[in-house]
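Asks: Have a look at this one before I ask anything.
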Amino acid sequence: MPTPQELEQRIEAAIPGAHAEVSSADNVHFSARVVAASFDGMSRIQQHRLVYDVFDGQLGGEIHAFSLRTEVP
Amino acid sequence: MSDNQIREAISEAIRDNEVLLFMKGTPQQPMCGFSSRTVAALQAMETPFAAVDVLPDPRIRQELSGLSGWPTIPQLFVNGELVGGCDIVIEMYESGELAETLGRDAPAQAPAQAPDAAPQAAPTLQPENRLG
């Protein structure tokens, strides 16, 4: 089962310069805040897609729920 | 119904409905907190919308995500374009962008926070659920 720390590391590794804060009470439902300069100029859809892509195929499965807020620093 | 027919019906629904929400359950009885919050935001806009329940057949969700490139439910489409899932819709609701996207004025007494649950609010179009 993924831990919030693992998810943070994966997001930060996949999106250069990103800072991720992930929390979860049960390691199934996650809440994430991701701040990245590379989001600048992207629509929210594109920003969220970039993060979702990190967990290709796991969302809705192992990661049952993933609430996301993206920000440009 | 074959997978292809499902995908075709989904495309058609997206094309034919100005505001379309793919969700778990129905606006009257959402089966997931994320779907419920998204419905509440749309109902607060007093905009009629169509809804498709993805639960009756797992292939609806599979084909929808294949089509939209978006992995989670709910998914809101406006004028044939994916607007986003629950987080984006709520964020846009709070910032007033949702009203803009829907081509409406923000509600006169816009609450600062998104509503928690689907309330009384505006009548919704009966879900035109040819996929169920």
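Which chain is which? The protein sequence lines are A and B, in order.
For the first sequence, counting from 1, position 27 maps to 9 in my numbering; every step adds exactly one.
With the second sequence counted from 1, adding 13 to any position gets you my numbering.
Even glycine gets a Cβ: it sits at the ideal position worked out from N, Cα and C.
These figures come from a predicted structure and were not determined experimentally.
#1: At a Cβ cut of 8 Å, what residues of the region -13 to 8 of chain A count as close to chain B, listed as they run along the chain?
#2: Write down the C-beta distance between Ala54 of chain B and Tyr106 of chain B rounded to the nearest angstrom, noting that I regard them as a contact closer than 8 Å.
#3: Could you check the C-alpha separation between Gly151 of chain B and Asp38 of chain A for me, to the nearest Å?
#4: Kindly indicate the opening and closing residues of the alpha helix (DSSP H) around Leu55 of chain B.
#5: May I have the straight-line CA-CA distance separating Phe90 of chain B from Phe48 of chain A, to the nearest angstrom?
#6: For Thr85 of chain B, go through chain A and note every residue whose CB falls closer than 9 Å to its CB, in chain order.
#7: Could you tell me how far apart the beta carbons of Leu51 of chain A and Arg15 of chain A are, in whole angstroms, since I believe they sit closer than 8 Å?
#8: Please identify, using Cβ separations under 8 Å, the residues of the region 88 to 116 of chain B that lie next to chain A, in order along the chain.
#9: Helix, strand or coil for His46 of chain A? Go by DSSP, reduced to three states.
#10: Around the C-beta of Arg26 of chain A, are 16 or more other C-beta atoms found within 10 angstroms, so that it is buried, or is it exposed?
#11: List, in chain order, every chain B residue whose beta-carbon is nearer than 8 Å to that of Arg31 of chain A.
Replies: Put simply:
#1: For the region -13 to 8 of chain A, which is checked against every Cβ of chain B, not one residue is closer than 8 Å.
#2: In this structure Ala54 of chain B touches Tyr106 of chain B by the C-beta definition: roughly 4 Å separates them, less than 8 Å.
#3: Since the displayed chain B opens at 14 and closes at 145, residue 151 of chain B lies outside it and no answer follows.
#4: Where Leu55 of chain B is concerned, the enclosing alpha helix (DSSP H) stretches over Gly46 to Ala57.
#5: When rounded, the distance between both Cα atoms is 20 Å.
#6: Identification of chain A residues near Thr85 of chain B by a Cβ-Cβ cut-off of 9 Å yields Tyr34, Leu41, Gly42, Ala47 and Phe48, ordered along the chain.
#7: Checking the displayed sequence, the identity of residue 51 of chain A turns out to be Arg instead of Leu. Right, their Cβ atoms sit about 5 Å apart.
#8: Answer set for the region 88 to 116 of chain B: Leu95, Val96, Gly97, Gly98, Cys99, Asp100, Ile101, Glu104 and Met105.
#9: His46 of chain A falls in the coil class under three-state DSSP.
#10: By the 10 Å Cβ count, Arg26 of chain A comes out buried.
#11: Near Arg31 of chain A (Cβ distances below 8 Å), the residues of chain B are Gly82 and Trp83.
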